[in-house]
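Inspection log for the structure reproduced underneath, given as structure tokens.
2 protein chains.
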Amino acid sequence: MVNILAEPYFWIAPIGGFASILAALILAWRILSIKVDDPKAAEIASAIRIGAYAFMKRQYTTITIIAIVIAAILLAAGFVAPKDVEAVAVHFGPGAAVAFLIGAFASLLAGFIAMDMATRSNVRTVIMAKRGIEPALKTAFHGGAIMGLLVTGLSLLGVTALFILYGADETTPTKIIGMGFGASLVALFAQLGGGIYTKAADVGADLVGKVEAGIPEDDPRNAAVIADNVGDNVGDSAGRGADLFESATAENIGGMIIGGVIAYWTQNWGFLIFPIIARALGIFATLIGMPFVRLSRGEEHKPMRALHKGLTVTTIMSAVLFYVAIQLLFGSEPGGIYLYFSMLAGLAASILVQVITDYYTGRERGPVRRIADASQTGTATNIITGFSVGLETTALPIASLGACLLVAYYFGTLFGAANPELGANASLIGGVYGTTLATMGMLAVMGMVLALDGFGPIADNAGGIAEMSGQKGIDESMEALDAVGNTTKALTKGFAMGSALLAAQLLFQAYIEAGNEYLRSLSLPEIKLELSNPVVLVSTLIGAMLPFIFSAFAIRAVGSAAKEMVNEVRRQFREIPGLMEGKAKPEYDKAVDISTRAALKEMVLPGLLVVIVPIVVGVLLGLSAVGALVIGATMSGIPLAILMNTGGAAWDNAKKFIEAGNLGGKGSPTHAAAVVGDTVGDPMKDTAGPSLHVLIKLLNTLSILFIPLFIGILGL
Amino acid sequence: MVNILAEPYFWIAPIGGFASILAALILAWRILSIKVDDPKAAEIASAIRIGAYAFMKRQYTTITIIAIVIAAILLAAGFVAPKDVEAVAVHFGPGAAVAFLIGAFASLLAGFIAMDMATRSNVRTVIMAKRGIEPALKTAFHGGAIMGLLVTGLSLLGVTALFILYGADETTPTKIIGMGFGASLVALFAQLGGGIYTKAADVGADLVGKVEAGIPEDDPRNAAVIADNVGDNVGDSAGRGADLFESATAENIGGMIIGGVIAYWTQNWGFLIFPIIARALGIFATLIGMPFVRLSRGEEHKPMRALHKGLTVTTIMSAVLFYVAIQLLFGSEPGGIYLYFSMLAGLAASILVQVITDYYTGRERGPVRRIADASQTGTATNIITGFSVGLETTALPIASLGACLLVAYYFGTLFGAANPELGANASLIGGVYGTTLATMGMLAVMGMVLALDGFGPIADNAGGIAEMSGQKGIDESMEALDAVGNTTKALTKGFAMGSALLAAQLLFQAYIEAGNEYLRSLSLPEIKLELSNPVVLVSTLIGAMLPFIFSAFAIRAVGSAAKEMVNEVRRQFREIPGLMEGKAKPEYDKAVDISTRAALKEMVLPGLLVVIVPIVVGVLLGLSAVGALVIGATMSGIPLAILMNTGGAAWDNAKKFIEAGNLGGKGSPTHAAAVVGDTVGDPMKDTAGPSLHVLIKLLNTLSILFIPLFIGILGL
């Protein structure tokens, strides 16, 4: 038993976590010191904020009940399960329940903070826009950065603290996987519920407002407009906050499970703690990169430049810091430098995925133009073309991520071959650690990406507040920011998908490790995932079906709520005298109520479904079947998520391309067709798509946590 | 070396094949003896026929060139590859090239016969409709039955003949896998090209005709109407003919490869030849069931009853004949009766999948009604709801097929356990043979299902001819037949998907067998499909991406050709004076030309893509990687195909539900929204969806044939 806490490098991790939170607090203080000196804007912002709070209060109540029930099950399982099996104590009982609750609570907190900062930054972005585009851009970016830094910092500190509390040795990461599952579970409900809320409102508002009534987006006469703006905060901000907290947490723990194996064999504990150190270094790189988010002279019309600069500096700094860290921790190991190349492969993948997403969703590029052109012959050709673009977008990201994994694996095998003390499977173990490091490499820029992700809904909301409060003279800035926000939202979704895949891969390896550990302790044969075994094949197939049925529920919820919303907004235009002329106010609360009810009602069933199915499969068919199920879900979930995320964004930008005055511009039949395409893409890109990332990781963390349950009573 | 040909039961197979062809010839003689005594209908039918011939001539030229190139490669590979490895001689060289060409040629022939009989039966259905619904129903059914019987018979005779010619022992099935690959390759191009042709015309015709001009379906004033009716024949009939010929062939060969393994160990050659005997028994059951396709008194308004009766009798007869066959061939083996239960599981799956498909596409059921209701709030909610229904339809078929495989596997393991001479893995080998028999069980009713499948486009075409030639008094019969045709088309697509999955599973087992055989002959380690190996995982992921990118190409082709078609039909209405008033004729040939060019141009790239990617992966990463790729493609391809097939049919039937006078009926905004939904579903259900079945089987046959190529030069 080695004392890892005596290892000075270990303390880089908590220092990184604290630095991240400190930076976030400083930024928050700066944002809050901006005075909101526009009563009308303040009033609207307050209405949005109150709506968001009201929804999240109800949503959090539901999620908390579900979380407490699951914690109670974990606790009870600890009493019921045979105590003589060591692994049972690791996976079930008070320790597991507490870790689960900490993960769940922290994830709720991350979502809440994201929503809170977004609803404070939106109106301040409007205020700063009066001084020019750069101050507005920075305000929105800082609002997003607070979320990014807090989420990353909280996750890192949480994992580090639990690691210390639960023993700080190579068996500890498996003991704290409950935290990852708690975070995933909350993230799933937060992302799904928020996604249903926001898109029911958005689709309803657009269909009646833009297409039927011919009034602009965010027009205050539209009854659904407040719900729409609330939705940006509870869906895009809070949902994504919880989602990425979950990513960071699950990946840290998964990386440490794999690292623990190598650490045990090499007796170099650096392998165990490297994942959290890498996360801390990523935070430092992000803190260095953030000040570069600024516009040089002459760049006023290219606000995206500022964000690109920040991202580029962060990426380069990560590469440098990683080199140093690899040298310090593994420099003395034979072939340690190979691990650096594995990490670089991950960093390269993060760049590639973003470039590809940019190509497919860029407003002036081929794919978006193809959708816009197809709108000229009506809605049907718009939808057919958009769907085919969505299908097409799966190829290059998957090819890039596949190549990244193979390269990382290759360098890892070289490292393994140089370390024969890793045992008979040295190359394979080294290769697996290589892919782990690729994940760390990809996630290096996470804080920065999260900041960009938070930027989108803040800019979107600021545009809404400006429109509703009748601001003059800042239209151009607002539109420019909104366009940037759309780009960053698509980019970050590409990143979230890529990191979900790499994380799934990593957690899957951790599952194999932990599962075999458990089976060995019972003297049972190890997990055998031979696809030529029909039981494994069928389980893979069941897994492959899960993302489809989950998406069905999510999209169906948006469809039916949007239908109700359309009818309600139509009714208000018809029945409230003077509404269209601007003399009367719509009943915003009715629309808010439709979104709220739909979100709360419809998020429960799909969420529970994806928890129950793998457990049933595991209890009936055993550990190998669960592993196969998880892989099947990943295999079909990743392309489906890309189809929905990138396809949806392409539809959105085809509409924006037409709204910019092309092919007939606003109000033309071509525009009407493009609006329909956008609304079809909406629940794909903002409800089902991002929830699929969480789903995939949830299945992974769940499978690890419930290992002792998967006894396979059918004995096939 | 045993003389299998001396085994009397063997000869059941060719007898079944000949009986099938004889029955088809009798039916053809009966159809052709119906006199076409309506000059206007004859003229239109002739125009459709000429159009279909013209397209298929050009399409077949392209496919033939591709087939000859691949045959040449197979031939050349035989000279280049090392001759001292026995497996190379099996997979490459003159034998492989000839088998490939026979498969390709027979598949072309099957498609041609299907098209030819469909274009003769359509007009005769119109003629017979004047005598009542039953004669019309029987004519359309017999037209389909000719296709079904010829395809099933040709495949069975072809496989049996090659089996005899290539040696008639347990190694022979692997030698003739080239026939399966040839059939798959032709089927892919036929289904894809035909699918693009038919849907470009259909979508274009509907969008301008029904939505913009407000004229009925198949109105002769619509320039795209002849192309639309030609499309039914070259896409639905010829494409599906080639597709199912391919299914039958590949499954026969795959089943014999697995059966050969058991035969070798047990020295009971019944295991080897049972797949072709089962096919012959299925033909006998079909021939017994077909005369039951008739309407009792009082059933004139329920024509579907007649088809249900035929299908039910065929299913029951199959169960009976299989029992006898199992008793005769395996009755003396310990636990032979377990294999009967495995077969029944397959038969049950075929019923279940059809019941489920019927639920999701039935016009009076929940899902279709949901889409119809959503059309009331416009196109966007129609599309969103339809897409969610499509996603939802994946769950139950996959669960049923999974359960079927598990049950079949379970009984197979019992059989294996009772036969210890099967070696250390007796249970697993028995289980795999159990799933093979499930496939045979499912395919028992294939001839009947094919007949129903052929029924659809014939009824559809008959409706078109009746409308265009201005027939009076048969509207009701024609509409009833069309509705039945839509139901059978959806059912048979469900069946095709189910059988594709089972076939893929079976061919995959055959791949493992043949691949390991090859590796053993080179003293190399066997195929290891451990998903925990990143190389296997990445290959699975690449495979999972293939169905998405393939569908992207297919749907994109339809989208762009439909756009061109819409512009052309719009132009003709605008520029041809008197067209709308019915005083002038449209230029049908321009529309035919658009469909033809699009189909020929766009079918090549996706077709070659799915041939080249697995070969590249195999050459670089080896046999395990190819196996993983095939599984990945199956895992994502099956749910994607179900989504597209069943979702598309639900959209179609929601439109038909409204056209029947519900929710505002024809001409209402609700109807317009539903027409858009239908056109969006069209390329999914008739172009991409059915091509995905072929794609999955193509990957399987290709992987087996090219085994010696997959050397994995990267050595990962």
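The listed protein sequences derive, respectively, from chains B and L. For what it's worth, the numbering used here labels the leading residue of the first sequence as 1, then goes sequentially. For what it's worth, the numbering used here labels the leading residue of the second sequence as 717, then goes sequentially. Backbone N, C-alpha and C define an ideal beta-carbon position, used for all residues, glycine too.
Could you list which residues in chain B have their beta carbon closer than 7 Å to that of residue i, in chain order?
i: Lys1279 of chain L; result: Ala374, Thr377, Thr381
i: Gly1147 of chain L; result: Pro534
i: Ser1267 of chain L; result: Leu391
i: Thr1110 of chain L; result: Met545, Phe548, Ile549
i: Lys1151 of chain L; result: In the sequence as presented, Lys is not what sits at residue 1151 of chain L; that position holds Thr. Under the 7 Å cutoff, chain B gives Pro534.
Leaving out the 5 sequence neighbours to the left and right, which residues in its chain are closer than 6 Å to residue i when beta-carbon positions are compared?
i: Phe271 of chain B; result: Gly259, Ile262, Ala263
i: Ala114 of chain B; result: Met147, Ser237, Ala238, Gly241
i: Ile818 of chain L; result: Met895
i: Glu467 of chain B; result: Asp218
i: Pro1083 of chain L; result: Tyr1076, Val1105, Ala1366
i: Lys199 of chain B; result: Val558, Asp682, Pro683, Asp686, Thr687
Give me, in chain order, the residues of the same chain whose beta-carbon lies closer than 8 Å to that of residue i; leave out the 5 immediate sequence neighbours on both sides.
i: Met56 of chain B; result: Gly111, Phe112, Met115, Val234, Ala238
Taking its Cβ as the centre, do 16 or more other Cβ atoms sit within 10 Å of residue i, making it buried, or is it exposed?
i: His1017 of chain L; result: exposed
i: Asn425 of chain B; result: exposed
i: Asn719 of chain L; result: exposed
i: Ser762 of chain L; result: exposed
i: Thr61 of chain B; result: exposed
i: Trp269 of chain B; result: buried
i: Arg279 of chain B; result: buried
i: Arg840 of chain L; result: buried
Name, please, each residue of chain B whose Cβ falls closer than 8 Å to the Cβ of residue i.
i: Val1396 of chain L; result: Ala380, Ile383, Ile384, Phe387
i: Phe1373 of chain L; result: Going along chain B, no residue has its Cβ under 8 Å from Phe1373 of chain L, so there is no contact; the nearest lies around 17 Å.
i: Gln1221 of chain L; result: Pro534, Leu537
Which bits of chain L does residue i rub up against, with CB to CB less than 7 Å?
i: Asn252 of chain B; result: What Asn252 of chain B touches in chain L: nothing, since even the nearest Cβ is about 20 Å away.
i: Val558 of chain B; result: Ile1100
i: Gln509 of chain B; result: Ser1248
i: Tyr410 of chain B; result: Leu1432
Anything in chain L within Cβ reach of residue i, meaning under 9 Å, just list it in chain order.
i: Arg574 of chain B; result: Going along chain L, no residue has its Cβ under 9 Å from Arg574 of chain B, so there is no contact; the nearest lies around 14 Å.
i: Asn268 of chain B; result: Within chain L, no residue comes near Asn268 of chain B; the closest Cβ sits about 22 Å away, beyond 9 Å.
Between which residues of its own chain and residue i is the CB-CB distance below 7 Å, once the five residues before and five after are set aside?
i: Ala480 of chain B; result: Ile133, Pro303
Name, please, each residue of chain L whose Cβ falls closer than 8 Å to the Cβ of residue i.
i: Ala544 of chain B; result: Ile1114, Met1351, Ser1352, Ile1354, Pro1355
i: Pro683 of chain B; result: Ile1100
What in chain B is Cβ-close to residue i, meaning under 9 Å?
i: Ile1429 of chain L; result: Those do not exist, as Ile1429 of chain L stays about 13 Å from chain B at its closest Cβ, beyond 9 Å.
i: Leu1122 of chain L; result: Pro534, Val535, Val538, Leu621, Leu714, Leu716
Do the segment 1337-1344 of chain L and the segment 1047-1058 of chain L touch if we need at least three Cβ pairs shorter than 8 Å? No, the segment 1337-1344 of chain L is not in contact with the segment 1047-1058 of chain L.
What alpha helix (DSSP H) runs, 4 residues minimum, are completely inside the segment 194-259 of chain B? Listed in chain order, they are 225-231.
Indicate whether the contact test is met: 3 or more Cβ pairs, each with one atom in the segment 591-606 of chain B and one in the segment 216-230 of chain B, closer than 8 Å. Output reads yes: the segment 216-230 of chain B touches the segment 591-606 of chain B.
Could you name each continuous beta strand (DSSP E) segment of 3 residues or more that falls completely within the segment 323-380 of chain B, going from the start of the chain to the end? Considered as a whole, the segment 323-380 of chain B harbours no complete run of any beta strand (DSSP E) with no fewer than 3 residues.
Give the list of continuous alpha helix (DSSP H) stretches no shorter than 4 residues that lie fully inside the segment 970-1017 of chain L. If we require 4 residues or more, the alpha helix (DSSP H) runs fully inside the segment 970-1017 of chain L come out as 986-1005.
Run through the segment 96-182 of chain B for me and flag every whole alpha helix (DSSP H) of 4 or more residues, listed as ranges in chain order. If we require 4 residues or more, the alpha helix (DSSP H) runs fully inside the segment 96-182 of chain B come out as 133-165, 172-175.
Segment contact, 8 Å Cβ cut-off, at least three pairs: the segment 361-373 of chain B with the segment 320-338 of chain B: With a cut-off of 8 Å, the segment 320-338 of chain B and the segment 361-373 of chain B do not count as touching, because too few Cβ pairs lie within range.
At least 3 beta-carbon pairs within less than 8 Å: the segment 1219-1235 of chain L vs the segment 869-880 of chain L: In short, these stretches do not touch, since the Cβ pair count stays below three.
Under 8 Å, with one C-beta from each stretch per pair, do the segment 383-403 of chain B and the segment 1389-1398 of chain L reach the 3-pair mark? Yes: at least three Cβ pairs fall under 8 Å.
Taking 8 Å as the cut-off, does the segment 511-527 of chain B touch the segment 485-498 of chain B (at least 3 CB pairs, one atom from each stretch)? At 8 Å Cβ cutoff, the stretches do not touch.
Could you tell me whether the segment 681-690 of chain B touches the segment 637-647 of chain B, where touching means 3 or more Cβ pairs closer than 8 Å? In the pairwise beta carbon analysis, the segment 681-690 of chain B is classified as touching the segment 637-647 of chain B: at least three pairs are separated by under 8 Å.
Within the chosen definition, does the segment 286-298 of chain B reach the segment 348-365 of chain B through at least 3 CB pairs nearer than 8 Å? Result no; under three Cβ-Cβ pairs closer than 8 Å.
Contact between the segment 1161-1171 of chain L and the segment 1243-1251 of chain L is defined here as three or more beta-carbon pairs at a separation below 8 Å; is this criterion met? No: the two stretches stay apart, fewer than three of their Cβ pairs being nearer than 8 Å.
Is the segment 13-23 of chain B touching the segment 169-186 of chain B, taking contact as three or more C-beta pairs under 8 Å? They do not touch, by the three-pair rule.
Okay, do the segment 569-581 of chain B and the segment 205-214 of chain B touch, 3+ Cβ pairs below 8 Å being the bar? Touching, per the Cβ criterion.
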